[in-house]
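Numbering (the working numbering), first residue to last: 3 to 82.
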């Protein structure tokens, strides 16, 4: 299923109507903290195995920042 084709719905499009809009935003922001913690643990685990580059930690930080910005900028249907 490709959300850009007709008859298919993306995850963010389901969170743009009614109470789902508030539930989607209320769930995604705390989950982004869990996501950040996951990336932090992955980075620490790789450091303990001898991988000293900060690439994974930086990638996780930017992924979480993008998720938070996306969640905050997502509007309800009908917003202009």
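We put the CB at the ideal spot given by N, CA and C, even for glycine.
- Message: For residue 59 and residue 38, which I take to be in contact (beta-carbon distance under 8 angstroms), what is that distance rounded to the nearest angstrom?
- Response: The residue given as residue 59 occupies position 57 in the chain shown. The residue given as residue 38 occupies position 36 in the chain shown. Not confirmed; about 10 angstroms, so no contact.
- Query: Can you tell which of 29, 40 and 20 has the C-alpha that lies nearest to the C-alpha of residue 74?
  - Reply: Reading the chain shown from its first residue, position 72 is the one you call residue 74. Considering only alpha carbons, the answer is 29.
- Query: Can the beta-carbon of residue 70 be found less than 9 angstroms from the beta-carbon of residue 43?
  - Reply: Working through the chain shown from its first residue, we reach residue 70 at position 68. Working through the chain shown from its first residue, we reach residue 43 at position 41. No; because the gap between Cβ atoms is not below 9 angstroms, this pair is not in contact.
- Message: Could you compute how far the alpha carbon of residue 51 sits from the alpha carbon of residue 25?
- Response: Indexing the chain shown from 1 puts residue 51 at position 49. Indexing the chain shown from 1 puts residue 25 at position 23. Taken atom to atom, the span from the alpha-carbon of residue 51 to that of residue 25 is near 39 angstroms.
- Span of the alpha helix (DSSP H) holding residue 32? One-based indexing of the chain shown puts residue 32 at position 30. From DSSP, the alpha helix (DSSP H) with residue 32 extends over 20 to 50.
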